[in-house]
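Trainee: Throughout the sequence shown, residue numbering follows full-length UniProt numbering, covering 7 to 237 in sequence. We put the beta carbon where it would ideally sit given N, CA and C, even for glycine.
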Amino acid sequence: LYVNHPLGAGQSVPLSREQSHYLFGVMRKGVGEVLELFNGHDGEWLGRVVQAGKRNGILLCERQSKPMQLPPDLWLIFAPIKKARTDFIVEKATEMGAAQILPVQSDFTNSERIRQDRLQNHAVEAAEQCGGTYVPVVHELQKLSKLLDGWDVQRQIMFCDETRLGSGEALPSLAGPWAVLIGPEGGFSPAERRRLNEMPEAHGVSLGPRILRADTAAVAALTLWQSALGD
Ligand code: SAM
Numbered sequence: 007l008y009v010n011h012p013l014g015a016g017q018s019v020p021l022s023r024e025q026s027h028y029l030f031g032v033m034r035k036g037v038g039e040v041l042e043l044f045n046g047h048d049g050e051w052l053g054r055v056v057q058a059g060k061r062n063g064i065l066l067c068e069r070q071s072k073p074m075q076l077p078p079d080l081w082l083i084f085a086p087i088k089k090a091r092t093d094f095i096v097e098k099a100t101e102m103g104a105a106q107i108l109p110v111q112s113d114f115t116n117s118e119r120i121r122q123d124r125l126q127n128h129a130v131e132a133a134e135q136c137g138g139t140y141v142p143v144v145h146e147l148q149k150l151s152k153l154l155d156g157w158d159v160q161r162q163i164m165f166c167d168e169t170r171l172g173s174g175e176a177l178p179s180l181a182g183p184w185a186v187l188i189g190p191e192g193g194f195s196p197a198e199r200r201r202l203n204e205m206p207e208a209h210g211v212s213l214g215p216r217i218l219r220a221d222t223a224a225v226a227a228l229t230l231w232q233s234a235l236g237d
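1. Considering only residues of the same chain and omitting the five flanking positions on each side of Leu150, which have a CB-CB separation below 6 angstroms?
2. Count the other CB atoms within 10 Å of the CB of Gly182; is the residue buried (16 or more) or exposed (fewer)?
3. Could you pull out every unbroken beta strand (DSSP E) segment of at least 3 residues lying fully inside the segment 169 to 193, listed in chain order?
4. For Lys152, name the three-state secondary structure that DSSP assigns.
5. What does DSSP give as the partner residue(s) for Ala208 in the beta ladder?
6. Say yes only if the C-beta of Pro215 is nearer than 8 angstroms to one or more non-hydrogen atoms of the ligand SAM, and no if none qualify.
7. Start and end of the alpha helix (DSSP H) containing Leu29?
8. Beta carbon of Pro190: closer than 8 angstroms to some heavy atom of the ligand SAM?
9. Just grab the DSSP bridge partners of Val55 for me.
10. If you compare alpha carbons, which of Ala132, Pro12, Leu213, Trp184 is closest to Gln70?
11. Whole angstroms is fine: what's the gap from Glu118's alpha carbon to Gly31's?
12. With residue 5 as the anchor, note down where its alpha helix (DSSP H) starts and where it stops.
13. Per DSSP, which residues does Ser18 bridge with? Please list them.
14. Within 10 angstroms of its Cβ, does Met102 collect 16 or more other Cβ (buried), or is it exposed?
15. So, using beta-carbon positions, are Glu126 and Val143 closer together than 9 angstroms?
16. Taking just the CA atoms, how far does Ala224 sit from Ala85?
17. Is Ser151 a contact residue of the ligand SAM, with contact defined as CB to any heavy atom under 8 angstroms?
Okay, structure coming up:
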């Protein structure tokens, strides 16, 4: 269970109204039961229910059950697509251990707006579901060109480019932080592709001989990165 509250031995943790309603109204949890808690920075803790109010439950932190596990410094940059597919990307990127999720508007992006708060909640739910202790940060939509203007040259880019159709390529095994970059349904514009190809830190990669949908490409690329460079 994700809580927006510090966790530590003897710490009392108030639950939100929604969480109290769900746990004590819907799931019928009661005083004395133990739940696994995390807040994204203190690891996982076991919390005992000491007050089971349907609007104002309280847990008491007993002991740490998992140390904090920080994910690798990996970003997923993607152009938002239809709502359900964007939700899918955020959910899967969380499961795959991305540390930051950056939706971008590229030349051929069809989506002008995202609900950052909704996507952040999806990341929380996905982290709860996969037993993670970390919740990736979901950023507001920004322009890809602006993001590249201020690019930190220390961070390598895995530039997923379907025009390099092939059977898949090896990623250069460069240490340090990485970002996986996935284009929108219409792909990258020629100008974007030119710009990326000129950046020494951008490494064009094929994900195989077929054109994948952007949501599939995100999962495939994160898997490829994980197997080549993850720990
Ligand atoms: N431009 C394409 C078109 O309209 O035919 C489709 C783009 S694809 C649906 C969306 C994104 O997924 C691409 O921009 C790329 O980042 C990634 N992608 C899909 N298939 C890929 C492949 N075989 N290799 C590398 N990247 C791929």
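Mentor: On the basis of the coordinates in this document:
1. Val110, Ser112
2. exposed
3. 184 to 188
4. helix
5. Ile163
6. yes
7. It is not in any alpha helix (DSSP H) - Leu29 carries neither H nor E in the DSSP assignment.
8. yes
9. Leu65
10. Pro12
11. 39 angstroms
12. The requested residue 5 is not part of the displayed model; the chain covers only 7 to 237.
13. Leu66
14. buried
15. In the sequence under discussion, the amino acid at residue 126 is Gln, which differs from the Glu named in the question. It is a contact, given that the beta carbons lie within the stated cut-off.
16. 10 angstroms
17. no
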